[in-house]
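Trainee: The structure under discussion is supplied below as structure tokens; questions concerning it will follow.
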Amino acid sequence: MSLRLSGTRLRQLFQGLYRAHGPQHWWPGDSPFEIMVGAILTQNTAWTNVERAIANLMAVDALDAERLLALPEAQLARCLRPSGYFNLKARRLRAFCRWYLERGGQRRLRYWPTARLRQALLAVPGIGPETADDILLYAFGRPVFVIDAYTRRLFARLGWIQGQEDYETLRAAVERALGADARLYNEYHALIVRHAKRLCRTRPQCGDCPLRGCRARDLNGPRTGRA
DNA sequence: TACCAGGAGAAAA
DNA sequence: TTTTCTCATGGT
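Here it is, written out as structure tokens:
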């Protein structure tokens, strides 16, 4: 089945989500570095657990690349415990901080072209395509559309994709259909997550789902493909 | 008790 | 190349 991701369909969906949920003001975080940390910590983890881990980092004044890297790995892991996979995420965060500092942090990286920055992020151990795109979009303001599990399920339920397509195929198709628009991508991804987490959990029957044919209650069902 | 959450990477088939 | 397994806490 070919992809049915036209600009018209995608924009209609966005408008429906925006009418239902309003502006989301994403990403939750006070600085680009906090956004990057959150993007790594939220891998396969509920955001409420990530918030606890970030609060622990704040409590030891480690929400900064140099100070975070200065923490012993065992102490860092203890801070990250609420977010799950804490040993793994401690290693990933440290690897990311080393990469970030070696390249001059936000001060220098902000001038890197998007393609180069994306390729470099993907070379950091523990940063896959979704995490890299979260960072590019929300910490660097680059026009990169994030394909997460919710997005994949929603598009599959709408019959626009099968759900098994690889990440790059979907990202390229959405970006081609919508055109490069970081503000739109920012709000779009946030609205999809909001829709899946709030509407579908609090109203499992989804009787008033604003999206025609969405069957959004299924958004929290089994995964339809690799995220 | 069992399942799931804003993934990624290594190991096995 | 594709599929399966591992990492782990907290909420429902």
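When the letters of the first sequence are read in order and numbered with the working numbering, they come out as residues 1227 to 1453.
All residues carry an ideal CB built from backbone N, CA and C; glycine is no exception.
Could you check where the alpha helix (DSSP H) with Gln-1388 kicks off and where it finishes?
Mentor: Run containing Gln-1388: none; DSSP gives neither H nor E here.
Trainee: Could you give the first and the last residue of the continuous alpha helix (DSSP H) run that contains Ala-1246?
Mentor: Where Ala-1246 is concerned, the enclosing alpha helix (DSSP H) stretches over 1233-1247.
Trainee: Look at the alpha carbon of Cys-1432 and the alpha carbon of Glu-1277, and state the distance between them as a whole number of angstroms.
Mentor: A caution first: Cys-1432 carries a pLDDT of 43, below 50, which makes its placement in the model too unreliable to give a value.
Trainee: In the DSSP assignment, find the alpha helix (DSSP H) that holds Lys-1423 and state where it starts and stops.
Mentor: Here Lys-1423 belongs to no alpha helix (DSSP H), and DSSP marks it neither H nor E.
Trainee: Relative to the alpha-carbon of Ile-1261, which residue among Val-1372, Ile-1361, Gly-1367 and Pro-1369 has its alpha-carbon at the smallest distance?
Mentor: Answer by Cα proximity: Ile-1361.
Trainee: Between Thr-1428 and the rest of its own chain, which residues show a CB-CB distance below 6 Å, the 5 nearest in sequence each way excluded?
Mentor: At Thr-1428 the pLDDT is 47, less than 50, meaning the model places this residue with poor confidence; the figure from the coordinates comes in the next sentence. Closer than 6 Å at the Cβ level, and outside the excluded window around Thr-1428, lies no residue.
Trainee: Does the Cβ of His-1251 have 16 or more other Cβ atoms within 10 Å, making it buried, or fewer, making it exposed?
Mentor: His-1251 should be labelled exposed.
Trainee: What's the gap between the Cα of Asp-1256 and the Cα of Gln-1345?
Mentor: Distance between the alpha carbons of Asp-1256 and Gln-1345: 25 Å.
Trainee: How big is the Cα-Cα spacing for Leu-1347 and His-1247?
Mentor: Between Leu-1347 and His-1247, the C-alpha separation is close to 32 Å.
Trainee: Going along the chain, which residues of its own chain have a beta-carbon closer than 7 Å to the beta-carbon of Ala-1416, five neighbours each way excluded?
Mentor: Within the same chain, Ala-1416 has close Cβ partners Gln-1250 and Trp-1252.
Trainee: Whole-angstrom Cβ separation of Leu-1231 and Ala-1403, contact assumed at under 8 Å?
Mentor: Contact flag correct, Cβ pair sits at about 5 Å.
Trainee: Is the Cβ-Cβ distance between Gly-1389 and Arg-1378 less than 8 Å?
Mentor: Yes, these two residues count as a Cβ contact at 8 Å.
Trainee: What first and last residue would you give for the alpha helix (DSSP H) that runs through Leu-1362?
Mentor: Careful: Leu-1362 lies outside any alpha helix (DSSP H) and carries neither H nor E.
Trainee: Can you grab the Cα-Cα spacing for the pair Gly-1331 / Gly-1310, in whole Å?
Mentor: Their Cα atoms are separated by approximately 27 Å.
Trainee: Counting only the same chain and skipping the five closest in sequence on each side, list residues whose C-beta sits under 6 Å from that of Leu-1289.
Mentor: Cβ within range, chain order: Glu-1260 and Leu-1283.
Trainee: For Pro-1355, collect the residues of the same chain with a Cβ closer than 6 Å to its Cβ; drop the 5 residues on either side in sequence, then sort them by chain order.
Mentor: The residues are Tyr-1393.
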